[in-house]
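Engineer: With the working numbering applied, the sequence shown has no gaps in its numbers, which climb one by one up to 1184 at the end.
Built from N, CA and C at the ideal position, the CB exists for glycine as well.
Would you mind keeping the following structure in view while I ask a few things?
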Amino acid sequence: MDKVANNFLKAKDTYEKEAKIQKIMRERLLKELLAQKKSHYSRIWEFGSGQDELGKIIRKHIGYDKYLSSDINDYGVYYKDKNVNFKTIDMNKISDFSDISKFDLIISNACLQWLDARKILPLLSDHLKENGILAISTFGKENLKQVYDLTGFGLSYLDVDELQSLCKSYKDVKIKSELHELKFNSPIELFRHLKNSGVNSLGNIYLSKSILAKCENEFKNTLTYESVYIIAKKITCKI
946 MDKVANNFLK AKDTYEKEAK IQKIMRERLL KELLAQKKSH YSRIWEFGSG
996 QDELGKIIRK HIGYDKYLSS DINDYGVYYK DKNVNFKTID MNKISDFSDI
1046 SKFDLIISNA CLQWLDARKI LPLLSDHLKE NGILAISTFG KENLKQVYDL
1096 TGFGLSYLDV DELQSLCKSY KDVKIKSELH ELKFNSPIEL FRHLKNSGVN
1146 SLGNIYLSKS ILAKCENEFK NTLTYESVYI IAKKITCKI
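Here you go:
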């Protein structure tokens, strides 16, 4: 997880420009959230908040009393809004943070894929109030398939059915996925995009001539992204 955090720190100055799909995802996530027909939440928690890219647009459209932003990296300097509390949290160690209380809304954009989703998704319901809403975007099984084919490296993404099976502590679960393609002028530009958006999971792999040639000839310098959106509510406890 430390390596992932370092990748994003290195890309902090180029992330906003390069992370085109993540921008589409946060706008879609907002649309899905607004469809819940709720204009105000008492307590909101956003994890994997980065430099407040999602939070800024959420707070423009939704009222709140308290807003907690958290990330594994200390991005506190980017949070100018005095009504927003930033906390450094490693989500894979979320059970260690006993001071995190319950929320009406938990949101996150393009972060879950870096975590142990099988552990995190069920745990998040413990931090929601009854009927509280979970609104998360992540990446699916088809994500960056060209990179895996070229290098043998990549994240272990979950498909929609696997994500659905992890949402048994929620109700009204809606999971949608979309495919996006980004085309580049050259293989070097493609791999530079991955590095500059902080999503490079390749480590120090050597980009040989054969890899670059296959990227250009077979994949036409194209990357596939699969965005996935999860909207769910915590199940109301019956007395």
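1) The alpha helix (DSSP H) that contains Gly1000, what's its start and end?
2) Are there three or more Cβ pairs, one per stretch, closer than 8 Å when the region 998 to 1012 is compared with the region 965 to 979?
3) So what does Lys1178 bridge to, in DSSP terms?
4) Just how far apart, CA to CA, sit Lys1090 and Ile1156?
5) Work out the CA separation of Glu1075 and Leu1068 for me, nearest whole Å.
6) Counting C-beta neighbours from all protein chains within 10 Å, is the total for Tyr1151 16 or more, i.e. buried, or is it exposed?
7) Quick one: what does DSSP say Phe1136 is sitting in, helix, strand or coil?
8) Under the three-state reduction of DSSP, which class applies to Pro976: helix, strand or coil?
9) Could you please give me the residues that DSSP links to Val1105 through a beta bridge?
10) From Asp1117 to Phe992, what distance separates their C-alpha atoms?
11) Among Asn1037, Ser1114, Thr1033, Ile1051, whose alpha-carbon lies nearest the alpha-carbon of Thr1181?
12) On the DSSP bridge list, what partners appear for His985?
13) If you reduce the DSSP assignment to three classes, tell me which class Lys1032 lands in.
14) Consult DSSP for Ser1040 and reduce its assignment to one of helix, strand or coil.
Structural biologist: If we stick to the structure as given:
1) 998 to 1006
2) yes
3) Ile1078, Lys1116
4) 14 Å
5) 14 Å
6) exposed
7) helix
8) Note on residue identity: the sequence assigns Lys, not Pro, to residue 976. Helix at Lys976.
9) BP columns for Val1105 are empty, so no partner.
10) 22 Å
11) Ser1114
12) Gly1008
13) strand
14) helix
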